[in-house]
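Using our numbering, the first residue of the sequence shown is number -17, and each one after it goes up by one.
Heads up: the structure comes next, in structure tokens.
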Amino acid sequence: MRREKDVKYPGNTKRKPEQTWRDVEAYLDALQIAPDRVLEGARAASAAAGLPDIAVTPSQGKLLYLLAKMRGARKILEIGTLGGYSTIWLARALPGDGVVVTLEADRRHFEIARKNIVRAGLAKVVQRRLGRALDTLPKIAAEGIGPFDFFFIDADKESTTEYFDWALRLSKAGSVILVDNVIRDGEVANARTADARVQGIRRFNEALAREKRVSATTLQTVGRKGYDGFTLALVLPAARSPRRR
Ligand code: SAH
Ligand code: DHB
Ligand code: MG
């Protein structure tokens, strides 16, 4: 049952913007996100196991699903599984012969994700890999599973630049790369930030600005996860090598 949430906006100026972001997200979720036992169960099981509450929100999960679906993705690579919440959204975008490969370094997260993915009926579609992504990515490249059509980069932010490089290596023209948590309360625009994770994103932004193989844009977001954002990149057809003279 969908119930509309009343948002006292814009009349009351004493309200904290964060509260409005939450209320609007709840309002939109009630209208656009179908109640879903599997996804809600995965979130609840992750919380019960003590995992951090940092999975994508339902509306963001649906964005992942829609982007992967629009791309017609058959092979998806996710870096940072946590409890598998985003993994389930992504896996549901696949055709029957599709696959999500998802990388996770934390054994406990990896195990909770296994249970959530089994309960979602997606064990055959999702390949989980335990280990630090910088160790597993070369193995995935060597196995020749790719190229992947869609990437979701959402692990340790310090390594985002390297993950993006790997995504490019494992991509083809037309592949889509989505990177989470690139705004971090606006701290990304602070060159003197003390947060190593934000410095990681700044280093990524500088590399991205020089990267000729993609066309990219960054979207700022607000909601129950606060003020953050995504970078969306499209892998371009390989440029012809310049003629020698
Ligand atoms: N994509 C998930 C959230 C991921 S949270 C969702 O939206 O549902 C980030 C995850 O990255 C955590 O589970 C963390 O353990 C994992 N992680 C951190 N460093 C990592 C690394 N070096 N390699 C692989 N995973 C890593
Ligand atoms: C954190 C990590 C995430 O991937 C996220 O979406 C939100 C927060 C974190 O480490 O704080
Ligand atoms: Mg994230």
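Think of the CB as a built atom: it goes at the ideal place given N, C-alpha and C, for glycine as much as any other residue.
These numbers were taken from a predicted model, which means no experiment stands behind them.
Within 8 Å, strictly: CB atoms of Arg56 and Leu76: As a working mapping, residue 56 is identified with position 74 in the sequence shown. As a working mapping, residue 76 is identified with position 94 in the sequence shown. Cβ distance < 8 Å, so Arg56 and Leu76 count as in contact.
According to DSSP, residues forming a beta bridge with Ala215: Looking up residue 215 in the sequence shown gives position 233. Answer is Ile159, Ala198, bridged to Ala215.
Cβ-based neighbour list, Ile61, same chain, cut-off 6 Å, excluding 5 preceding and 5 following: Against the sequence shown, residue 61 aligns to sequence position 79. Taken in chain order, the residues that qualify are Leu85, Ala115, Ile135, Ala137, Tyr145.
Nearest neighbour of Ala149, chosen from Ala123, Asp162, Asn163, Pro17 [CA to CA]: Walking along the sequence shown from the start, residue 149 turns up at place 167. The shortest C-alpha separation from Ala149 is found at Ala123.
7 Å CB neighbourhood of Ile165 in its chain, flanking five on each side removed: On the sequence shown, residue 165 is found 183 positions in, with the first residue counted as 1. The answer, listed in chain order, is Gln202, Tyr209, Asp210, Gly211.
Rounded separation between Asp117 and Ser141 - CA only: Taking the sequence shown and counting its residues from 1, one reaches residue 117 at position 135. Taking the sequence shown and counting its residues from 1, one reaches residue 141 at position 159. Rounded to whole angstroms, Asp117 and Ser141 show a C-alpha spacing of 12 Å.
Opening and closing residue of the alpha helix (DSSP H) in which Phe130 lies: Looking up residue 130 in the sequence shown gives position 148. Segment: none, Phe130 is in no alpha helix (DSSP H) and carries neither H nor E.
Same chain only: Cβ atoms within 7 Å of Arg195, ignoring 5 sequence neighbours per side: Counted from its first residue, the sequence shown places residue 195 at position 213. Only Leu150, Val217, Leu218 meet the Cβ criterion.
Proximity of Ile99 and Ile70 at Cβ, strictly below 8 Å: Start at 1 with the first residue of the sequence shown, and residue 99 comes out as number 117. Start at 1 with the first residue of the sequence shown, and residue 70 comes out as number 88. It is a contact, given that the beta carbons lie within the stated cut-off.
Those residues which DSSP pairs with Gln109 across a bridge: For the purposes of this step, residue 109 is identified with residue 127 of the sequence shown, where counting begins at 1. Val83.
Short Cβ contact (8 Å threshold) for Thr63 with Ala95: On the sequence shown, residue 63 is found 81 positions in, with the first residue counted as 1. On the sequence shown, residue 95 is found 113 positions in, with the first residue counted as 1. Yes; because the gap between Cβ atoms is below 8 Å, this pair is in contact.
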